[in-house]
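**Q** For the record, the sequence lines run as chains A and B.
Going by our numbering, 373 is the number at position 373 of the first sequence; the sequence numbering is gapless.
Plus 1000 on top of the position in the second sequence (first one is 1) and you've got our numbering.
Here a beta-carbon is modelled for each residue, glycine too, at the ideal position from N, C-alpha and C.
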Amino acid sequence: MTDSAVLLETRGISKTYGAVVALRSGDLSVRAGEIHALMGANGAGKSTLVKVLTGDVAPNSGTILLDGKGVRFASPASARQAGLSSVYQDVSLVPLLTIAQNLRLSRIAMPEVRPWIEELELEHVDLNELARDVPTPILHLLDLAQALATLPRLLILDEVTATLPADLTERVFRVARRWRTEGRSVVLISHRMPEVQALCDRATVLRDGTTVGVVDLASSGQEEIVSLMLGEAAASVVVSEGAVADREPAPAVDRRPALEVRNLRSGKLKDVSFTLHRGEVLGLVALEGQGQADLFDCLSGNHSPEGGEIIVQGKPRKFRHPHDAIGAGLVLVPADRALALLPQRSVRENIALPMINSLRNWGLIRLGIERKRVRAAIDRLAIDTRSQSRVKQLSGGNQQKVTLARWLATGFTVLLCFDPTRGIDIRTKEQMYGVLRELAASGSAVLLFTSELPEIQLACDRAIVLFGGAVTAELAAHDATEAVLIRAAHGLVTGGGEVEAAS
Amino acid sequence: MSASGVRLEGERRFTTPRLVRRNAWTLGTCALFVAVMIFTVVIHPSYGPFEVHSLVVGALPLAFAAVAEASVVLAGGIDLSVGAMMAVANVLAARYMLHHGFETSLIISALVLIGGSLAGGLNGVVAWRTRVPDIVVTLAMSFVWGGVALLILAQPGGGAPDQFLSIASGSFFTPWVPNGLLLLVFVVALVWVPIRLSRAGLALYAVGSDRTAAFRRGVTIGPVRILSYALGGFFAACGGLALLMSTGIGSPLSGTIYTLSAISAIVLGGVSLAGGRGSLIGPIVAAFILTLIPADLILLGTDPNYGQVVTGALIVLVVMAGGLAPFLRRRRPRLAA
């Protein structure tokens, strides 16, 4: 099969969204008649590369070669005509049209799609149902059926299996194998390592928007992929001075639990329990969509859990509104600054916002005290601004500091950080780690979800790993190397993963 | 039996026929109209062809305005210039039809309708090309067209041949079905039905429902939006001509109230302001309801200005009732991760 011709090749594809670089240099070479895996950590640029290939977005630079000829796709329709069809991670059927209307919209005749609907065992699905009313896994399969109907030479499956139950996943793989035997190609994006190992011929690994290697899965396996995903960082774990892993555990001044979560169920969360003590930073690691968003939603009072208990400082709590969670001392720093800040208002107002409840004097805000507290928070975080300027004009890092400053000024028991360093510069990141450590030292508790694995050893005392809606591993910072975390996050449970923290 | 199959069976627990379920709001609007009509006949037992006739002539401009607004909103846009475009069509026709024969007036009507479609299409082109939000583009355009209307006819005046004015008022078959109603149904059906049955209509709804998904399905978004605005402009021009038929003269300021009235009618008629959901029947029926209510209040001998109050309360109540459906569907908002 080494002789088989290259069907599609991309060279140096890059794509930026504003200041954010989604893809630096995407190189991919897919042979005819192979199933090719595209792998990489969250935000490595897999989905962006796929969107470029399917004409969903236009790349900033780079070339796409199909059968050795340069091509450029202006829209998904033109990519489909060239023989590239994709099933997207997020369903791309128009919700308010019926399935049949969606097919007509794509100019796909019913006789063309019928065999594929049968192949995927979807005969019982009513095609006159609105797409909105059809369960998501079935929609994904229908999306696949209509992609197959155009008989694409390259079928792209972007994390399709992430939302599918096992029996439906098998149907998708059956089709993929059939595609290979017919001499066509499949690109599969999946986080599930065993799946990739079992199905794919080769894997291209992306890291930080750059292709870092191609692995032949027949001769080598998971370990090589993992080490490529980690990059040089694995060889020499750069742990800056003062990193927790090298330090003696903090003297147990006050080890009372600040937050206990027991058997929490909500959305993708199946059954999650953990304890967060005062004076510690607990890291949370998970791949995209393992239930971390649901966990933070529940803890910050954004929606009510389906079951389980949230106990704050020994008292069981029920949150109906973020106001309740803030009242109980659980405060959130989301990844998306826009969710937390009022971009048109001043830094001072943004920081003071949650305080107005406590700083009122007969309905009037006591500006003097407010100013003093805001000043203290700004100084502590070294926010680079005059406090009157609008938040919109600050850099991303400084905006994130404002979110943090808000809670420093207001006071809290547990700080919930959802990937707070996403897309901010390294210096600000280090300042944030410093602040988190200081907060822990002064007796607060911090829950830090991060998509950047080295952060666990830089900022946390302990880490838990979430996989498939449950906690699959609990590690002391010292043991939570990237390699261990990546394995655990992919559901490859390592022996002796259960290590009690700070013992 | 696979797990997925079981889940699908569970989904089919609704017993109401799908046709009724999908058009529940339109049917509800019709039921409301019947209720208001019954009320009208009860308070005014001698309700007859003359009243039907005046209701149709009175509701015709609003019905066209509602259809114009609906064709834009269904595709996910909003058009605040509907009223102003109606005014331009109205004064153009009134100024140039005056002292001319019936044939000339028909040619002028055709030109006005073409001009309306182009003016509407311009909204779409500007919104698409400049990426300025639709609401801003059409708000600005409403001032432009409002000014143009005043330039064409500074004060109410002009006119049209009697034969033209009587298009809407006569009745071919029975006095209970005035020609105005036939005209409305005929024009809307002639334009809308072919579009609705073609891929263009599907694309229009798709763009209104989910732009990204529509793009991925191979829909070219820009042209579809232009189409929806052009339809809006066409129906707005129809509304302007209907206004001329009902009042007999051209008035540069007459159109202004129709923008917000049209939005009220489409909301009452079940067109989702978020786009992609609704029909044209609902807004037309709603336009008749909104015309009937002030008339009823006059019959009751109360101040017709209460009409505004009643209308406002009605819209809030109807939209609240309609809001129950998605609530029962139990879709919850989520924190973006």
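Go ahead and pull the three-state DSSP assignment for residue 213 of chain A.
**A** For the purposes of this step, residue 213 of chain A is taken as residue 213 along the first sequence, with counting starting at 1. Here residue 213 of chain A sits in strand by DSSP.
**Q** Can you give the Cα-Cα distance for residue 486 of chain A and residue 402 of chain A, rounded to whole angstroms?
**A** Counted from its first residue, the first sequence places residue 486 of chain A at position 486. Counted from its first residue, the first sequence places residue 402 of chain A at position 402. Their backbone Cα atoms lie some 31 Å apart in a straight line.
**Q** Between residue 1252 of chain B and residue 1116 of chain B, what straight-line distance do the alpha-carbon atoms span, to the nearest angstrom?
**A** Reading the second sequence from its first residue, position 252 is the one you call residue 1252 of chain B. Reading the second sequence from its first residue, position 116 is the one you call residue 1116 of chain B. Each residue's alpha carbon lies about 16 Å from the other.
**Q** Where does residue 85 of chain A sit, in a helix, a strand or coil, going by DSSP?
**A** Translated into positions along the first sequence, residue 85 of chain A becomes position 85. Reduced to three states, the DSSP call for residue 85 of chain A is strand.
**Q** Pull up the distance between the alpha-carbon of residue 406 of chain A and that of residue 316 of chain A, whole angstroms please.
**A** Position 406 of the first sequence, counting from 1, holds the residue named residue 406 of chain A. Position 316 of the first sequence, counting from 1, holds the residue named residue 316 of chain A. Rounded to whole angstroms, residue 406 of chain A to residue 316 of chain A spans 26 Å at the Cα level.
**Q** Would you kindly check if the distance between the Cβ of residue 1273 of chain B and the Cβ of residue 1289 of chain B is under 8 Å?
**A** Within the second sequence, numbered from 1, the residue matching residue 1289 of chain B stands at position 289. Within the second sequence, numbered from 1, the residue matching residue 1273 of chain B stands at position 273. Taking 8 Å as the Cβ cut-off, residue 1289 of chain B and residue 1273 of chain B do not qualify as a contacting pair.
**Q** So, helix, strand or coil for residue 160 of chain A, using DSSP?
**A** For the purposes of this step, residue 160 of chain A is taken as the residue at position 160 of the first sequence. If DSSP states are grouped into helix, strand and coil, residue 160 of chain A belongs with the helices.
**Q** Tell me, please, whether the CB atom of residue 106 of chain A is closer than 8 Å to any CB atom in chain B?
**A** Taking the first residue of the first sequence as 1, we reach residue 106 of chain A at position 106. Closer than 8 Å: yes.
**Q** What separation, rounded to the nearest whole angstrom, lies between the Cα atoms of residue 183 of chain A and residue 37 of chain A?
**A** Sequence index remark: in the first sequence, residue 183 of chain A carries index 183 (1-based). Sequence index remark: in the first sequence, residue 37 of chain A carries index 37 (1-based). Spanning the two alpha carbons is a distance of roughly 17 Å.
**Q** Based on DSSP bridge pairs, tell me the residues matched to residue 1030 of chain B.
**A** By 1-based counting over the second sequence, the position of residue 1030 of chain B is 30. In DSSP, residue 1030 of chain B forms no bridge with anything.
**Q** If we count the other Cβ atoms within 10 Å of its Cβ and call it buried at 16 or more, is residue 1085 of chain B buried or exposed?
**A** For the purposes of this step, residue 1085 of chain B is taken as residue 85 along the second sequence, with counting starting at 1. Buried, by the Cβ-count rule.
**Q** If you draw a straight line from the alpha carbon of residue 1059 of chain B to that of residue 1249 of chain B, how long is it in whole angstroms?
**A** Here the question's residue 1059 of chain B lines up with position 59 in the second sequence. Here the question's residue 1249 of chain B lines up with position 249 in the second sequence. Each residue's alpha carbon lies about 17 Å from the other.
**Q** With a threshold of 8 Å between beta carbons, is residue 993 of chain B in contact with chain A?
**A** Nothing can be reported for residue 993 of chain B, as the shown portion of chain B is limited to 1001 through 1337.
**Q** With burial defined as no fewer than 16 other Cβ atoms inside 10 Å of the residue's Cβ, what is the status of residue 89 of chain A: buried or exposed?
**A** Position 89 of the first sequence, counted from the first residue, corresponds to residue 89 of chain A. Answer is buried; the Cβ neighbour count reaches 16.
**Q** With distances taken from CA atoms, which of B/1309, B/1049, B/1043, B/1023 is nearest residue 1177 of chain B?
**A** Residue mapping note: residue 1177 of chain B aligns to position 177 of the second sequence, counting from 1. Of the candidates B/1309, B/1049, B/1043, B/1023, the one whose C-alpha sits nearest the C-alpha of residue 1177 of chain B is B/1049.
**Q** Output, in sequence order along the chain, the residues in the stretch 1199-1220 of chain B whose CB is closer than 9 Å to any CB in chain A.
**A** Residues passing the 9 Å Cβ filter: 1199, 1202, 1203, 1205, 1206, 1207, 1208, 1209, 1210, 1212, 1213, 1214, 1215, 1216, 1217, 1218, 1219, 1220.
**Q** My output table needs one value for residue 17 of chain A: the three-state DSSP class, helix, strand or coil.
**A** Locating residue 17 of chain A in the first sequence gives position 17, where the first residue counts as 1. Strand, per DSSP.
**Q** Hey, how far is the Cα of residue 215 of chain A from the Cα of residue 276 of chain A?
**A** Translated into the one-based positions of the first sequence, residue 215 of chain A becomes position 215. Translated into the one-based positions of the first sequence, residue 276 of chain A becomes position 276. Using only the alpha carbons, I get a separation of about 40 Å.
**Q** Please identify, using Cβ separations under 7 Å, the residues of the stretch 1252-1278 of chain B that lie next to chain A, in order along the chain.
**A** Under the 7 Å Cβ criterion, the stretch 1252-1278 of chain B contributes 1276, 1277.
**Q** Evaluate residue 1172 of chain B with the Cβ neighbour count: other Cβ atoms within 10 Å of its Cβ, from every protein chain shown; 16 or more gives buried, anything less gives exposed.
**A** Start at 1 with the first residue of the second sequence, and residue 1172 of chain B comes out as number 172. With fewer than 16 Cβ atoms within 10 Å of its Cβ, residue 1172 of chain B is classed as exposed.
**Q** If I measure Cβ to Cβ from residue 1150 of chain B and keep anything under 7 Å in the same chain, skipping five residues before and after, which residues do I get?
**A** To locate residue 1150 of chain B, count along the second sequence from 1; it is residue 150. Correct list, in chain order: 1252.
**Q** Secondary structure at residue 444 of chain A, three-state DSSP: helix, strand or coil?
**A** Counting from one through the first sequence, the residue named residue 444 of chain A turns up at place 444. Of the three classes helix, strand and coil, the one that applies to residue 444 of chain A here is coil, per DSSP.
**Q** Looking only at its chain, what residues have a beta carbon closer than 7 Å to the beta carbon of residue 1226 of chain B, apart from the 5 residues adjacent to it on each side?
**A** Locating residue 1226 of chain B in the second sequence gives position 226, where the first residue counts as 1. 1121, 1124, 1125, 1128.
**Q** So, for residue 300 of chain A: in the same chain, excluding its five sequence neighbours on each side, which residues have a beta-carbon less than 7 Å away from its beta-carbon?
**A** Numbered from its first residue, the first sequence carries residue 300 of chain A at position 300. Cβ within range, chain order: 322, 325, 330, 332, 416.
**Q** Please tell me whether residue 5 of chain A has its Cβ less than 8 Å away from any Cβ of chain B.
**A** By 1-based counting over the first sequence, the position of residue 5 of chain A is 5. Output row for residue 5 of chain A: interface = no.
**Q** For chain B, find out if any of its Cβ atoms is closer than 8 Å to the Cβ of residue 94 of chain A; answer yes or no.
**A** Locating residue 94 of chain A in the first sequence gives position 94, where the first residue counts as 1. Residue 94 of chain A counts as touching chain B.
**Q** Following the continuous beta strand (DSSP E) through residue 275 of chain A, name the residue where it begins and the one where it ends.
**A** On the first sequence, residue 275 of chain A is found 275 positions in, with the first residue counted as 1. Start and end: 269-277.
**Q** What is the C-beta distance between residue 582 of chain A and residue 292 of chain A, in whole angstroms, given that I count them as a contact (C-beta under 8 Å)?
**A** This structure leaves residue 582 of chain A out entirely; chain A is present only between 1 and 503.
**Q** Cutting at 6 Å between CB atoms, please list the residues of its own chain near residue 1163 of chain B, excluding the five before and the five after it.
**A** Numbered from its first residue, the second sequence carries residue 1163 of chain B at position 163. 1102, listed in sequence order.
**Q** Can you list the residues of chain E that residue 17 of chain A reaches, using a CB-CB cut of under 7 Å?
**A** No chain E is present in this structure, whose protein chains are A and B.
**Q** Taking only beta-carbon positions, decide if residue 328 of chain A is within less than 8 Å of chain B.
**A** As a first step, residue 328 of chain A is located in the first sequence; it is residue number 328 there, counting from the start. No, because no Cβ of chain B sits closer than 8 Å to the Cβ of residue 328 of chain A.
**Q** Are any of the Cβ atoms in chain B nearer than 8 Å to that of residue 316 of chain A?
**A** On the first sequence, residue 316 of chain A is found 316 positions in, with the first residue counted as 1. Not an interface residue.
**Q** Considering Cα atoms alone, identify which of B/1222, B/1233, B/1089, B/1154 is closest to residue 1131 of chain B.
**A** For the purposes of this step, residue 1131 of chain B is taken as the residue at position 131 of the second sequence. Among B/1222, B/1233, B/1089, B/1154, the Cα nearest to that of residue 1131 of chain B belongs to B/1222.
**Q** Which value, in whole angstroms, describes the spacing of the CA atoms of residue 444 of chain A and residue 313 of chain A?
**A** Counted from its first residue, the first sequence places residue 444 of chain A at position 444. Counted from its first residue, the first sequence places residue 313 of chain A at position 313. Approximately 11 Å between the Cα atoms of the pair.
**Q** Using a Cβ-Cβ distance under 8 Å, would residue 243 of chain A count as near chain B?
**A** In the first sequence, counting from the first residue as 1, residue 243 of chain A sits at position 243. At residue 243 of chain A, the pLDDT of 47 sits below 50, so the modelled position is not reliable and the matter cannot be decided from this model.
**Q** When you compare the CB of residue 97 of chain A with every CB in chain B, is at least one pair closer than 8 Å?
**A** In the first sequence, residue 97 of chain A corresponds to position 97, counting from 1. It does; some Cβ of chain B falls within 8 Å.
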